[in-house]
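Residue numbers (our numbering): 9 to 315.
Every residue, glycine too, gets a C-beta built ideally from N, C-alpha and C.
Before any comments, here is the structure.
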């Protein structure tokens with residue numbers, strides 16, 4: 009669409025709305041979007057004027073823009089991130105939440121070069137480790153206490169509170185070695201001080217999935233909730249499954265976070281069959297997962313619908 013066309017009203021005809029709230033129409037309708045990009049009218053067979061651009065939806069579904077709670081889009085600042093445009097509005101996602109690509113030492117660059125310039129709305133979980141994912145899994149961001157600067161984290165949040173929605177910790181021996189659950193405890197303390205939630209990546213123990221759940225509280229997020237890694241699968245340990253079910257009931261958010269190796273269809277199928285549903289479906293989209301096996305949020309949602 010050209011710049012001139014973008015300022016014209018857009019009439020979408022014969023579309024089926026979903027997720028528009030309690031008053032979502034139950035059948036196909038027309039939707040008029042004004043020149044400012046806002047929905048002006050919804051109804052059957054809206055009148056057409058010569059000023060409008062008309063598109064026949066041919067019965068297709070239409071929804072508000074999606075939110076992907078776990079992506080890595082600090083392109084150029086980390087070795088795994090993709091551009092927001094590669095996983096954003098063109099694929100139906102209008103809000104992208106970066107899951108810890110930037111730490112306090114480089115968040116200013118993420119804000120200036122990515123957040124401020126992107127077409128999409130971008131929010132971020134700030135990595136507990138100062139360097140974030142600059143060289144992901146090659147240079148770990150949480151090897152010991154020297155990788156965390158509490159004062160600078162608080163300062164970074166104060167300067168970017170409109171962009172930062174929480175703290176991110178990767179709790180896996182690939183990142184933390186033998187440090188165990190200590191980074192999760194530190195992250196939780198900081199999130200309490202800032203009054204924001206914490207997102208924790210669970211994977212190869214230590215830390216144990218059980219330990220992480222016991223530290224978190226309502227509103228915090230477990231990402232990779234249905235991973236199939238040895239020692240970290242909720243379906244190989246009945247006590248862990250019961251704990252996850254209880255914590256989900258108490259308000260801890262279970263997030264899919266598909267990624268390249270952090271989602272097991274078998275685990276998801278078994279957990280959902282037993283009534284344990286994820287709070288959110290997200291992609292963990294990055295340079296090593298985008299072209300396989302994740303692709304995009306629509307594909308990830310389709311997988312979960314198949315369960």
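Item to complete: Throw me the rounded Cβ distance for the residue 241 and residue 272 pair, which I believe falls under 8 Å.
Response: At roughly 7 Å, the Cβ-Cβ gap stays under 8 Å, so residue 241 and residue 272 are in contact.
Practice prompt. Give the DSSP bridge partners of residue 49, in chain order.
Written response: Under DSSP, the beta-bridge partners assigned to residue 49 are 40.
Practice prompt. Let me know the secondary structure DSSP gives residue 190 once reduced to three states.
Written response: In the structure shown, residue 190 adopts helical secondary structure according to DSSP, grouped into three states.
Worksheet entry | Proximity to residue 114 [Cα-Cα], best of 44, 142, 220 | In terms of CA proximity to residue 114, 142 leads the group 44, 142, 220.
Worksheet item: Cα separation between residue 266 and residue 190?
Response: Between residue 266 and residue 190, the C-alpha separation is close to 25 Å.
Discussion item. What residue range does the beta strand (DSSP E) around residue 176 cover?
Written reply: In the DSSP assignment, residue 176 falls within the unbroken beta strand (DSSP E) covering 172-179.
Fill in: Residue environment, residue 187, which counts as buried when at least 16 other CB atoms sit within 10 Å
Classification for residue 187: buried.
Fill in: Three-state secondary structure (DSSP) of residue 221
Helix, per DSSP.
Worksheet entry | Endpoints, alpha helix (DSSP H) assigned at residue 129 | Premise fails: residue 129 lies in the beta strand (DSSP E), 129-135, not in any alpha helix (DSSP H).
Fill in: Three-state secondary structure assigned by DSSP to residue 199
Here residue 199 sits in helix by DSSP.
Fill in: Pairwise C-alpha distance: residue 75 and residue 192
Going from the Cα of residue 192 to the Cα of residue 75 covers about 25 Å.
Worksheet item: Could you give the distance in angstroms between the alpha-carbon of residue 225 and the alpha-carbon of residue 144?
Response: Between the alpha carbons of residue 225 and residue 144 lies a gap of roughly 27 Å.
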